[in-house]
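According to mature numbering (1 follows the signal peptide of the UniProt record, and there is no 0), the stretch in the sequence shown is residues -19 to -1, 1 to 1105, in order. By construction, the Cβ of each residue, glycine as well, lies at the ideal position given by its N, Cα and C atoms. Below is one structure, written out as structure tokens; comments come after it.
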Amino acid sequence: MQFAVTIAALMGICPVAMMAGPYDGWAPHRYCNSLDHIETTRIPPLTSEQAELVESLEQVQIIARHGARAPYARIFCWDSPKHNPMNAEWNCSTISVSSQEINSKEESKGFGRLYRKSYIDGHNILKGDCIVGGLLESGRQQHMMNGQYVTKRLCEAPIVRLTSADDRTVGFFVTRTWVKAHSSSSPLQSCQYILSSWVNRTYIYLMYYRGNQDLELSEIYLRSDDQERTLGSGQALINGLFPIDGTPSFELHRMLSWNVADYSMDYISPNKKICPLMKHIEQMSNESPEFWSHLRDPATVEIERHFSDVVGDFSWDSVLECLSTARCSNLELPDGVDEETFTKTYHEVEVLQGIFLTYNDSWYAKVAMQPLAHDMLTRLNGALNGDPDAYKLSVTMAHDSTIMPFLAATVKENWDRTWTPYAGMLVLEVYKTKSGSHAVRMIFHGEPQLLPDCRDTLCDIDEFFQAFAFAHNPRTENDCKLPKTKKGSKNPSSSLSTMADGQNRFTAANYIGSYLLLGLVAVAGLLALRRRNRQHEVRGDDENLSLLHAMFTRVLRRGCSCAYHRMTLHSNLVSTRTVALCNVQQQRRFLVDSMDAFMDFEREMALKRQKANPEKVAPVGPLTPPVKPEDDECCHLDCPNCVLLVYQEQLLEYELSLQSQNRREKPKIPVPMYDLSFYSSKDDKEVSSAWQMLLTETNRGVFEVAANDVISAPHQTADGAWRSVRHIDLRVRDDQQEHISKQASNIGVYVPNDLPVVERMLVHLHVEDPSVVYAAKPLADSKQQSSLQHQPLQQHPFAHVGTVRDALTWSFDLISTPRPRFLRNLAAYASDDNDVAALMAPRTVDAIQASRGIKDVIALAHFVYTARAERRPHQHVTIADIFDLFPSVRLSFADFFQIVPPSSPRYYTISSSRQFNPDIVSITLGLRKKDALPLPRCSSYLAMLKPGEAIRASFYQSSFVFPFHDHRPIMLISAGTGIAPFRAFLQDLEHEHKTSPHRSAYLFYGCREASMDFLYGEELERAWASGVLDQLHVAFSDDGDRPKRYVQDALIKQSELVARHLLKDEGYIYVCGSLDMGRAVRKAIAGAILRHPEFCGGAIATQEDAERIVRQKLAGHLIVTELW
């Protein structure tokens, strides 16, 4: 038996002076997922509405990509000899350790002698001591952080499960007995303390490695492929989640096991060797109209031309790997590759991959991910059924080629089609709801994912299974069989004569075929010319004549193997280097344009035939995509253009059949979720007392504006934008006091829909009297069980009862771009078949979300309409626009209520303390205006409010709150409007000072200049003067002739204070501001620790040591950030 683990050997590196890097000033590269930005990918908590629905977290399943690695092969990047990342030296911090002699007998002790595998210098594919694809130290750290983020989420999750009379589990890990014995804090704080701070690791060993009843090893499932970078990443993630304490363990049954398979037979990533159908689907996608349309796009051609001009010959197969390898490792790129060139080239690969994975309703992705997704559903069913052997935690460590098709298959049109970054983590959280059902939330890279089959990111279990319908059954050998192909055969009787020696002679049939083909191509050529004239593409007559001559020459010349330009398509990336066998670029371009015009003509004629005789073109039975003839068939048949013509005709027939099928499958009217009653007015005697109480409750969400003052006049920023800051006070009435938690730190503001949009919707919904009162009661027998996806209706009473005008103004989101599910539901109410098909087409959503006009909806859906509305610049397409565009859609307000998306609030940090003044809630509002871009909708709405007017709002508590639970010193660091929560903190300190001993407090604040944006300057100075603040450090970046100073400069100047506060005093540090400011502050804190190692016993010797301490403090919640 072989036992393998991956361990890290940290290398000591002497601190060096900071030098300018090749990417200074560039935006962060998402692919790298650098440790400076990884905190933005933390698993977010449930929204307040979602948290009200769930009872407990039952299971967590994780799929993650390995961490940062060395190149996976010594690949070709580009012709440019300089700055090739494959020539860099790669040194890995991970080494493989194994034991060949493990005795499996229970009474045996230990794992035997350990052996280390070391690579001989100079005998590796890559320079250095890394194997190809070896895990780098930064990749290990990425997953250590991921493990800590999972810990934080599990500790915060709402779990209360009885285990005995005296013991209760909180989270997956902590027992009440343990908490009573070892901590005076709350269970949540104890869970974070022992699993994140790692101060006393003995108890970790006690609970985990010796088998605490709350999470047995048998309840953990670990899956990976058999590669070092995935196994090493997985072990780093587990070690981050369950840190080891160094205590030796000799119990072999306590050994963690990774489930792996032979690489050639594994399905953890798409494997065409075990499922040949995937190769067929890949070929089909390479011939899809969407793919070819993208290739012919002038912008695509220009990207390839420009990058080729800069680096010479390159391959689309490897360009993403080469660019990202250089970028993530801070290696220089060839001269001329600036940020814009880098971004466009990288994004082009993402676009090609997105087209490939979403082709034909994500066909390839569903086939590839069916077995892996089925495994996940099997583990999920164990949790749903209450199986005592069900897994509570599952970790699958895989690749980018795993997560991208998984998202394409499940998130579908809502997938952003971006490349999976290093250590990108997809999390499935399975919750038991208070209604007795279950719900699932999917998060990827810190963002909750909205499955198209669900109405909310917390998805009802039935709708979740609908989204995973492709994986309900295991993938069988029959599922992977290739479709049968028809090979071309030549009938000997078709030849009028043959040579006696067996050599074919040019016969009359050849002449007839050639003339027919020549006439067909000539027609195509004329159609192309007419098409170009329609598009106002002016070309000289000589050019047209020469192109026609070249085309005729190409058709009649039998020396060319085929009049067909081939595509070299490698792997899943679809390489787009075109090869014209006759090497005549103008001929190739003309043939493409001619064929495009010919296909447009054919499509137009086919649509006319279809409209005239719909029964004759209706598909019978399941549709099967056509099979492209092989290249040798192209050259063997008498028709030299058989692939270009015949296959395109087959694709057209298949496309029209799909449209016909979609057109015939009109969706059913959605099942109602609410029972609506209507009354003439609020004073109607028939309105029940319960509804009257809800009408009264409505006022609890309405707050009067007490003040709205400018505290920073409009001023121009460095990037040319105009910025101002306002302070808004909201008055809290006596009957609203219980509505707002004392610890509420965020306010959610609801923005009313624009009055013209409301008026248009009243017309579309045929509402005669908008003052009519409705009352909505959730249906008990509805599958949604009070609408898991419609939570704002439960949380905000004004959505349950009110006037029809109120509902259209406040309750529903009529402004945002409509979701695909809403459009599909809307199709059920359309009477025109073309409207039904267009509303159901995925491309309709693409066109709506693009920056082009409404006409694109029609063009992309292949229907000929007259556009009835045009988008104005910087204006969203609204639900009212959809009604304008599809007039056959007719439904009532009651029908609309069942399917319309609810309005969502815009959250702001509260800048006042409820303990200090319970009658006022304050908002610090930054307003930014640049060029012709519109003002942010919610911010501009708040800015225009006047005292006495009212808004509707809700409140919730985040983790960025004043630490009332203990009395440690605090250090506050902010810049700009990041001062908002710290104004509340200072008021909390002043309130606390009245009843408790003094708490040391320090504030570091960065502004531009004192007269412009020293926000709340008088209050801050007064807090310092009164002793609430021990120290106040303000840094101005534009203070006359003085040198620029930022908040991080003030921290560096006070490095001894920072290091002592964090290391010796173990105080809190709160950071609030932009992401750039947050990164600079982290570096400054690490620099302060490095300058003063005496506060940690001299254990910090390098910059890496200091950054590691900062990461640990972040994970232990002694450094708390709120960055944007």
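Which residue marks the beginning of the beta strand (DSSP E) containing residue i, and which one marks its end?
i, result
"K325", "Looking at the DSSP string, K325 is not in any beta strand (DSSP E); the run it does join, the alpha helix (DSSP H), is 320 to 365."
"E685", "683 to 697"
"W703", "703 to 712"
"V376", "374 to 379"
"G293", "From DSSP, G293 is part of no beta strand (DSSP E); its letter is neither H nor E."
"N267", "First-last for N267: 258 to 267, but that is the alpha helix (DSSP H), not the beta strand (DSSP E)."
"C309", "No beta strand (DSSP E) holds C309; the alpha helix (DSSP H) holding it covers 300 to 309."
If I measure Cβ to Cβ from residue i and keep anything under 6 Å in the same chain, skipping five residues before and after, which residues do I get?
i, result
"F897", "Q968, H972"
"R1092", "none"
"F877", "L746"
"L314", "H64, A307"
"H47", "R210, T211, S214"
"R964", "S892, Y997"
"I106", "R55, V113"
Taking its Cβ as the centre, do 16 or more other Cβ atoms sit within 10 Å of residue i, making it buried, or is it exposed?
i, result
"D5", "exposed"
"D990", "The amino acid occupying residue 990 in the given sequence is Glu; Asp does not appear at that position. Flag for E990 reads exposed."
"G114", "buried"
"T132", "buried"
"G2", "exposed"
"S977", "exposed"
"I728", "buried"
"W71", "buried"
"G293", "exposed"
"E1103", "buried"
"D736", "Position check: residue 736 holds Leu in this sequence, whereas Asp was assumed. Exposed is the call here."
"I101", "exposed"
"L1010", "buried"
"residue 1141", "Not covered by the structure: residue 1141. The range shown for the chain is -19 to 1105."
"E999", "exposed"
"V282", "exposed"
"V1039", "buried"
"T457", "exposed"
"P251", "buried"
"M67", "buried"
Got a sec? Which residues, its chain only, sit under 8 Å from residue i by beta carbon, not counting five neighbours each side?
i, result
"L361", "Q40, Q42, L409, V411, V421"
"K911", "D700, G701, A702, W703"
"R1041", "H1073, F1076"
"D1046", "R949, P950, S981"
By Cβ distance below 7 Å, which residues in the same chain neighbour residue i in space, the five residues on each side in sequence not counted?
i, result
"T127", "A quick correction: the sequence has Asn, not Thr, at residue 127. Closer than 7 Å at the Cβ level, and outside the excluded window around N127, lie A45, L218, G221, A404, M406."
"D690", "R707, H708"
"S178", "Annotation note: pLDDT 36 at S178 (below 50); position unreliable, coordinate value reported separately. The answer, listed in chain order, is G1097."
Under the assumption that residue i contacts residue j (Cβ atoms under 8 Å), give the Cβ distance between them as a whole number of angstroms.
i, j, result
"A961", "G987", "At roughly 14 Å, the Cβ-Cβ gap does not stay under 8 Å, so A961 and G987 are not in contact."
"T322", "F288", "6 Å"
"K415", "V35", "7 Å"
"S903", "I709", "7 Å"
"S310", "A8", "So it is not a contact: roughly 17 Å between Cβ atoms."
"I1050", "L1013", "Not confirmed; about 16 Å, so no contact."
"V739", "T798", "The Cβ separation is near 18 Å, so there is no contact."
Please report the residue range of the alpha helix (DSSP H) in which residue i lies.
i, result
"L967", "961 to 974"
"T905", "Segment 901 to 910 is the beta strand (DSSP E) holding T905; no alpha helix (DSSP H) there."
"M993", "991 to 994"
"G221", "209 to 222"
"I860", "860 to 866"
"F803", "801 to 808"
Next item on the list: Would you check if there are 3 or more beta carbon pairs closer than 8 Å linking the region 859 to 874 to the region 802 to 821?
Entry: yes
Check: Okay, do the region 376 to 390 and the region 409 to 421 touch, 3+ Cβ pairs below 8 Å being the bar?
Finding: Because the criterion of three Cβ pairs below 8 Å is not met, the region 376 to 390 and the region 409 to 421 do not touch.
Margin query: Count Cβ pairs between the region 1065 to 1074 and the region 20 to 37 that sit closer than 8 Å; are there 3 or more?
Written below: no
Next item on the list: State whether the region 336 to 349 contacts the region 308 to 327, with contact taken as three or more CB pairs (one from each stretch) at a distance under 8 Å.
Entry: no
Check: Per the contact definition of three or more C-beta pairs closer than 8 Å, is the region 680 to 688 in contact with the region 926 to 933?
Finding: yes
Item checked: the region 714 to 721 touching the region 689 to 699, judged by at least three CB pairs closer than 8 Å -> Short answer: they don't touch.
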